[in-house]
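Numbering (our numbering), first residue to last: 381 to 726.
Ideal Cβ placement from N, Cα and C applies to all residues, glycine included.
If you're wondering where the values come from, they're calculated on a predicted model, not measured in any experiment.
One structure is given below, encoded as structure tokens.
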Amino acid sequence: MSTRKVSTGHDDGPIRLGVLGAASVARRRTLPAVAAAPDVVLTAIASRDKGKAARLAGEFGCAAAADYDAVLARSDVDAVYLPLPAALHHRWALAALAAGKHVLVEKPMATSVAETSELLDAAARRGLVIRQNLTYPHHAQHATVRDLVGAGRIGPLKEFHSAFCIPPLPAADIRHRAELGGGALLDVGVYPISAARFFLGDELEVAGAVLRWDAGYGVDVGGSVLLRSDDGRTATLSFGFEHGYGARYLLWGGSGRISVDRAFTPPDWLSPVVRIEEQDRVEEIVLPADHQFRNSLSAFAGAVLDARRTGVDPERAVQAASALGLAELLARIGAEAQRVPAARAS
Numbered sequence: 381m382s383t384r385k386v387s388t389g390h391d392d393g394p395i396r397l398g399v400l401g402a403a404s405v406a407r408r409r410t411l412p413a414v415a416a417a418p419d420v421v422l423t424a425i426a427s428r429d430k431g432k433a434a435r436l437a438g439e440f441g442c443a444a445a446a447d448y449d450a451v452l453a454r455s456d457v458d459a460v461y462l463p464l465p466a467a468l469h470h471r472w473a474l475a476a477l478a479a480g481k482h483v484l485v486e487k488p489m490a491t492s493v494a495e496t497s498e499l500l501d502a503a504a505r506r507g508l509v510i511r512q513n514l515t516y517p518h519h520a521q522h523a524t525v526r527d528l529v530g531a532g533r534i535g536p537l538k539e540f541h542s543a544f545c546i547p548p549l550p551a552a553d554i555r556h557r558a559e560l561g562g563g564a565l566l567d568v569g570v571y572p573i574s575a576a577r578f579f580l581g582d583e584l585e586v587a588g589a590v591l592r593w594d595a596g597y598g599v600d601v602g603g604s605v606l607l608r609s610d611d612g613r614t615a616t617l618s619f620g621f622e623h624g625y626g627a628r629y630l631l632w633g634g635s636g637r638i639s640v641d642r643a644f645t646p647p648d649w650l651s652p653v654v655r656i657e658e659q660d661r662v663e664e665i666v667l668p669a670d671h672q673f674r675n676s677l678s679a680f681a682g683a684v685l686d687a688r689r690t691g692v693d694p695e696r697a698v699q700a701a702s703a704l705g706l707a708e709l710l711a712r713i714g715a716e717a718q719r720v721p722a723a724r725a726s
């Protein structure tokens with residue numbers, strides 16, 4: 381699929397990556413991004429489905445390992461990427477850290493505050509990098525929006541509205557399995573909730589929350605959340621598995637609004653549009669296409685290279701506070717939400 385990159389594992393070489401799992405996001409987005417990232421090279425992949433691992437290994441030019449432990453045992457793997465069900469993140473990230481590997485784990489980092497904290501502490505003790513692969517903040521459109529808000533383009537920011545909703549999933553989808561950390565809150569809900577923190581700050585309280593509960597699956601399949609900041613700004617958020625596709629946000633200020641469609645998972649060829657609505661005019665700013673998955677990988681690789689040289693993750697404190705803060709907010713939402721029955725489509 382691409383020209384193979386070579387790394388010797390030296391301090392300035394590409395990061396040699398092993399993959400535990402063959403989830404759809406890996407095949408569709410992350411592995412192609414590895415091929416496009418100059419500072420990462422794919423070494424090995426393992427999956428419970430050995431046939432799938434072999435197919436992906438052939439497609440992306442790496443070894444197919446016998447199992448997850450075999451990837452962790454390889455001396456030619458510097459870091460691992462974990463596109464596993466959420467409930468397996470803690471176990472395998474901890475195993476990877478114990479094996480001396482840096483870790484890039486799909487969001488959420490873990491399914492509880494305690495597990496998230498344990499992973500962050502384990503990485504810090506070993507001088508290793510751990511990141512959750514929440515890719516959308518690595519797309520340039522969001523920095524552009526934040527700069528526009530900071531410059532006062534819409535006046536003082538008052539409200540943030542966001543939604544990430546996808547069509548109903550097949551019954552057998554792992555996101556319907558409670559024992560694997562399923563549910564909409566920990567899957568699509570992470571996006572608008574983390575975006576609220578991105579634009580309104582980290583200190584947000586839960587003013588109200590509703591989760592639509594599917595008793596048959598034993599998981600939430602949708603929800604809405606109202607967050608507030610100490611200065612009175614609010615975030616109104618929706619997410620779920622029951623909808624037509626939508627991934628957008630809107631920032632409402634004292635003199636205008638800024639909105640972004642395709643906010644969280646835009647394809648790398650898409651030129652995003654930032655729409656600014658003021659009293660008597662509308663402006664649309666077309667931005668260059670960007671590759672958030674490649675950018676996320678490159679940011680991770682840069683942190684690993686820095687840690688190799690110095691023995692310390694230089695962004696550890698900031699990244700740990702962000703991951704732990706998101707985990708705590710997700711936990712509060714889950715604890716405080718009203719659960720109402722979800723109606724299944726007939």
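Contacts around residue i, its chain only, beta-carbon distance under 6 angstroms, and the 5 residues preceding and following it disregarded
i, result
"P463", "G401, A403, V405, A406 and E486"
"W632", "K538 and E539"
"R505", "none"
"V386", "Reliability of the predicted coordinates at V386 is poor, the pLDDT of 48 falling under 50, and the value obtained from them is presented with this limitation in mind. Taken in chain order, the list of residues that qualify is empty."
"L422", "L397, V414, F440 and C442"
"L706", "S574"
"R608", "E585, A587 and T614"
"H470", "A490 and E495"
"D447", "A426"
Residues of its chain near residue i, where Cβ-Cβ distance is below 7 angstroms and the 5 sequence neighbours each way are ignored
i, result
"L667", "A520, Q521, T524, S651, P652 and V654"
"A601", "Rather than Ala, the amino acid found at residue 601 in this sequence is Val. Correct list, in chain order: A564, R592, D594, G620, F621, E622 and A722."
"P517", "F578"
"W649", "A669"
"G714", "L565"
"A475", "L452"
"A575", "S542 and Y629"
"G603", "A564, L565, G569, A589, V590, L591, R592, F619, G620 and A717"
C-alpha gap between residue i and residue j, whole angstroms
i, j, result
"T410", "A417", "10 angstroms"
"R384", "G441", "Residue placement at R384 is poorly supported in this model, since its pLDDT is 48, which falls under 50; the coordinates still yield a value, given next. Those two C-alpha atoms are separated by around 7 angstroms."
"A627", "V640", "9 angstroms"
"D686", "F673", "20 angstroms"
"P646", "T515", "10 angstroms"
"G398", "A700", "23 angstroms"
"L691", "L452", "In the sequence on display, residue 691 carries Gly and not Leu. Answer to the nearest angstrom: the Cα atoms are 20 angstroms apart."
"L617", "A717", "13 angstroms"
"G598", "E498", "27 angstroms"
"Q659", "R511", "42 angstroms"
"E559", "G535", "46 angstroms"
"S492", "E663", "42 angstroms"
"G356", "R428", "Since the displayed the chain opens at 381 and closes at 726, residue 356 lies outside it and no answer follows."
"R557", "D567", "12 angstroms"
"A478", "T496", "16 angstroms"
"G507", "L484", "15 angstroms"
"Y461", "R661", "46 angstroms"
"D693", "A503", "9 angstroms"
"Y625", "I638", "20 angstroms"
"G530", "L580", "11 angstroms"
"L606", "A643", "19 angstroms"
"I665", "D527", "13 angstroms"
"D456", "S676", "22 angstroms"
Range of the contiguous beta strand (DSSP E) that encloses residue i
i, result
"R592", "L584 to D594"
"L549", "Counting along the chain, L549 falls outside any beta strand (DSSP E), and DSSP gives it neither H nor E."
"E663", "R661 to V666"
"I638", "G636 to V640"
"R454", "Careful: R454 lies outside any beta strand (DSSP E) and carries neither H nor E."
"F619", "T614 to G620"
"L630", "G626 to G633"
"R655", "V653 to E658"
"R435", "First-last for R435: K430 to F440, but that is the alpha helix (DSSP H), not the beta strand (DSSP E)."
"L607", "V599 to S609"
"L484", "H482 to V485"
N-terminal and C-terminal residue of the alpha helix (DSSP H) that residue i is part of
i, result
"I673", "Reading the sequence as shown, one finds Phe at residue 673 and not Ile. Q672 to T690 is the span of the alpha helix (DSSP H), which, as asked, contains F673."
"V493", "V493 to R506"
"S574", "V570 to L580"
"G714", "R696 to E716"
Cutoff 8 angstroms; reference residue i; Cβ partners in own chain excluding five residues on either side
i, result
"A445", "G398, A424, I425, A426, A433, V451 and R454"
"V349", "Here the chain has residues from 381 to 726 only, and residue 349 is not among them."
"V720", "V590, L591, R592 and W593"
"L704", "V493, T496, S497 and L500"
"V570", "K487, P488, L514, L706 and L710"
How do the segment 476 to 494 and the segment 702 to 720 stand: do at least 3 beta-carbon pairs fall below 8 angstroms, yes or no? yes
Indicate whether the contact test is met: 3 or more Cβ pairs, each with one atom in the segment 680 to 689 and one in the segment 540 to 553, closer than 8 angstroms. no
Quick one: which unbroken beta strand (DSSP E) runs of 3-plus residues sit fully inside the segment 387 to 421? Chain order, please. 395 to 400
Which runs of the alpha helix (DSSP H), 4 residues or longer, sit entirely within the segment 503 to 541? 520 to 530
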